[in-house]
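Going by UniProt numbering, 263 is the number at position 263 of the sequence shown; the sequence numbering is gapless.
Glycine is no exception: its CB is placed at the ideal position from the N, C-alpha and C atoms.
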Amino acid sequence: MNIHFANRPGPVTAISKPYSDIPHPSGPDYIDRPIITDWLQQELNKSPSRAALVGLGGIGKSKLAIRYAEQVCKESPDTYIFWVNSATKDTFVQGFRRISEKLGLPNEYGVGTDMLRQVFNWLRDGENGPWVMILDNADDYFVFRNKRTNSDVTPAIDSGMLDSFLPQTGNGRILITSRSLDTARILALSLDNTLVVPEMEENQARLLFRRKLGDLGESDEISRRVVLTLNCIPLCISQAAAYIQNLQPRMTCAKYLEKFNGRNFVFLSSRDSEGRYNPDAKNKEVEIKTWQITFNQIRDERQSAAGLLSLMSFFQPQGIPEWVLQKHYSEMVNENSSIDIGHNGEDEFENDLTLLRDYSLVTVAEDAKSFQMHSLVQSFTRSWLEASHEDHKWRRCFQQLMIKSFPEDWLENWSACGELTPHIEPLVNTTACQLEDGGETIRFLELLRKVGGYKHATAMYETALKIFTKAEQLAVQKLGEDHEQVYKIAASKAPSLGNSGSVAAAEAAALEAYKGLTRILGVDNPTTRYTGKIYASSLEMTGKLDEAQAIYLEVLESQKRVTNSEFIGLGVTLMGLGNIAYRTRHHAEAERLYSLAYQSGFYSNGLTSPFTITSLGRVALVLVAQEKWAEAEPIIDEAVEQHIEVMGPDHPNTLEARSLQASKLVYQKRFREAEDMLCRVLEAKRKVLGPEHPSTISTLMLYRDVLTRQGK
């Protein structure tokens, strides 16, 4: 048996040099607010080293957090600065994934589902040095902890326990920015650790306005009137100054005031829905007026830039990928004649983006590959689109962009999937009435199916189930119960049901899908064959091995008729048959089938594809079962390394490979090392798979055997 190992770089160790991950510098226009910065210094230098800035959007919370981080860098250059956008679960996880990558942890700890715990372990290790973490936009507490949890069964991300990955250590400080006092209080551990950020003092606001506006010869009195009219709100001052400056010499402060006071903007009332006075409403009205003056000017000046702003308002505020906007800009023009965003894709995009930046509506992130917007700018833009009855048009535009951008082969494009998932997350709440009939519905359902598959591949089974269930409901509503798409979604849902413990439901869903697609598409259709493999796998999970083998052989014969090959393109089927041979103790046959599956993966997908790596692990498994240790040992080590690198440390397949590695240590009589490894694997399996999962029980038995061998 020839096993091809990839040429691999040496192991990556955690970097020793601290770094700062703030999204952008505070800039020369920053105005010091000493009362707030002094409070931050005081609160974060005492136990529990947590502090939260709370206030209206646009009041300057994030800017204050950036300035604090810069001061820490200057005074203590050996401190790590971590910035985590905490608006949603996905953005929080992305922030931790970025920390893992920048620290150089991926090869050692991985970036899989439970990568969070590995970053947590690094953070609480005092030997790694001091660090500061900023949780920006932490407005929704249920991002951090769900109302209902199943932490004993599901992975950490699914169980809604994200706040448990925020350590309390002597070497770490956590700064939170939030619009919710309740969320801030809980994350900061006490109301005493929170500060409500007020509007700027008048002298601070006037200084900010002068710095933003430059020397345009405006009198102090007229500048004072502008900032007081804007309620000394930093975001409003910045946008007003950008507006005046861009329209010089035709626009002056006096004309801006006239425009501001002469329009009737009825977006918000100063009272809430029950008629009670809302103290923040006046400030919000000022922010809306400021935004609409700027937006109207952009529409008059460059309609396509207003279109770009409308499109970007549907993304998450931070981490808007440049490649998504740039790659699809011209396509959006060609395919959506009702949307005017220019005619020459790349040039139009750059010109529109420059205009939005000039008006302080969009900024370029520190990595120069993504953009960010203030969440209020997005909120006001969306409100205007709804009032103008354009919301559906731009939602559809964004939806189509995500459909085109999310990779077809998500297994081979983990990075892009992780980058896009936070932006796609809100689309899961799409209703049937928001979808066009026909092809658009099918394309959208395919997007949800792919995103669900990506979540499943990262062992986020409960999240995957929610997405599949939503897709299934939409498919039935829009297409009817007996539609190909309904059966495809049911087939994709089955593995997540099985891995969540509902093996009977998984078998039933897969069987219904297989029967339906066989009837609609025929037995030799690729989609039918794919569903047949899922059905056979579900039969394996319920112990119906003879039935599973019959389905696998049926699919295999169909594949051979099409491919005319003994193994290329047949990998999943061969692996399924290998699993059955292994479970029935036909180890020599299992070794042959697993080896063919590995070759299929190697020739079809390459050495480092997830399927090829999984096949390699299976080859190692059956070699161990036959006690072919000389052949097994190098394959086991290679399989573990590749599983960790591609799938992450706590993916179920990685944990299985780790168990094999422990078995190798037992064979070598290195019992103490085997005990330590099995203890970690057992803990992870209990968390990821659940304590009653057969794989968890198998590892527990091996762990007990190792303890017995040591007389424990």
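Taking C-beta atoms as the reference points, tryptophan 83 and proline 23 count as a pair closer than 8 Å. Phenylalanine 444: member of the alpha helix (DSSP H) spanning 439-457, first to last residue. Residue state for tyrosine 359 is assigned as coil, using DSSP reduced to three classes.
Between the C-alpha atoms of aspartate 78 and glutamine 118 there is a straight-line separation of about 21 Å. Tyrosine 667 and alanine 630 have their C-alpha atoms spaced approximately 11 Å apart. Annotation for leucine 700: Leu682 place their beta carbon closer than 8 Å to its own, counting only its chain and skipping 5 residues before and after. Beta-bridge partners of asparagine 128 (DSSP): none assigned. Taking a C-beta distance under 8 Å as the contact criterion, lysine 493 and alanine 509 qualify as a contact pair.
Contiguous beta strand (DSSP E) elements confined to the segment 536-575 do not occur, taking only those with 3 or more residues. Contact between the segment 230-244 and the segment 58-69 is present, with at least three C-beta pairs closer than 8 Å.
The criterion of a C-beta distance shorter than 8 Å is satisfied by methionine 402 and leucine 420. The beta strand (DSSP E) runs lying completely inside the segment 156-203 and spanning 3 residues or more are 172-178 and 194-196, given in chain order. Rounded to whole angstroms, leucine 191 and valine 377 show a C-alpha spacing of 29 Å. Listed in chain order, the non-local C-beta contacts of proline 167 below 7 Å within the same chain comprise Phe120, Leu123 and Arg124, local neighbours out to five positions each way being set aside. In the assembly as shown, leucine 353 is a buried residue. Its beta-carbon has 16 or more other beta-carbons within 10 Å. Within the same chain, and ignoring the five residues on either side of alanine 242 in sequence, the residues whose Cβ sits closer than 6 Å to its Cβ are Tyr359 and Ser360. Counting along the chain, no beta strand (DSSP E) covers asparagine 499; the unbroken alpha helix (DSSP H) around it starts and ends at 484-499.
Membership of arginine 50 in the beta strand (DSSP E) is indicated by the continuous run 50-54. Annotation for lysine 369: Glu322 place their beta carbon closer than 6 Å to its own, counting only its chain and skipping 5 residues before and after.
DSSP places methionine 373 in the uninterrupted beta strand (DSSP E) bounded by 370-373.
Membership of isoleucine 222 in the alpha helix (DSSP H) is indicated by the continuous run 220-229.
Bridge partners of tyrosine 243 according to DSSP: none are assigned.
Assigned with DSSP and collapsed to three states, serine 304 falls in helix. Residue state for proline 25 is assigned as coil, using DSSP reduced to three classes. If you ignore the 5 residues before and after glutamine 326, its C-beta comes within less than 6 Å of the C-beta of Phe349, all in its own chain and listed in chain order. No residue range can be given for tyrosine 19, since it is assigned to no beta strand (DSSP E) and is classified by DSSP as neither H nor E.
Serine 219 counts as exposed, since fewer than 16 other C-beta atoms from the protein chains shown sit within 10 angstroms of its C-beta. Taking a 10 Å sphere around the C-beta of tyrosine 594, we find 16 or more other C-beta atoms and assign the residue as buried. Relative to glycine 307, the option among Asn296, Arg519 and Gln316 whose CA is nearest is Asn296.
By a beta-carbon distance limit of 8 Å, lysine 478 does not contact threonine 528. Their separation comes to about 22 Å. Sequence-distant Cβ neighbours of tyrosine 703 in its own chain, meaning closer than 6 Å and more than five residues away, are Leu678 and Leu682. Judged by DSSP in its simplified three-state form, methionine 251 adopts coil rather than helix or strand.
Distance from the Cα of phenylalanine 468 is smallest, within the candidate group Gln599, Asn429, Asp139 and Asp409, for Asn429. Residue state for leucine 689 is assigned as coil, using DSSP reduced to three classes. One alpha carbon belongs to lysine 628, the other to aspartate 650, and they sit about 27 Å apart.
Taking all protein chains in view, the Cβ of lysine 664 is crowded by 16 or more other Cβ atoms within 10 Å, so the residue is classified as buried.
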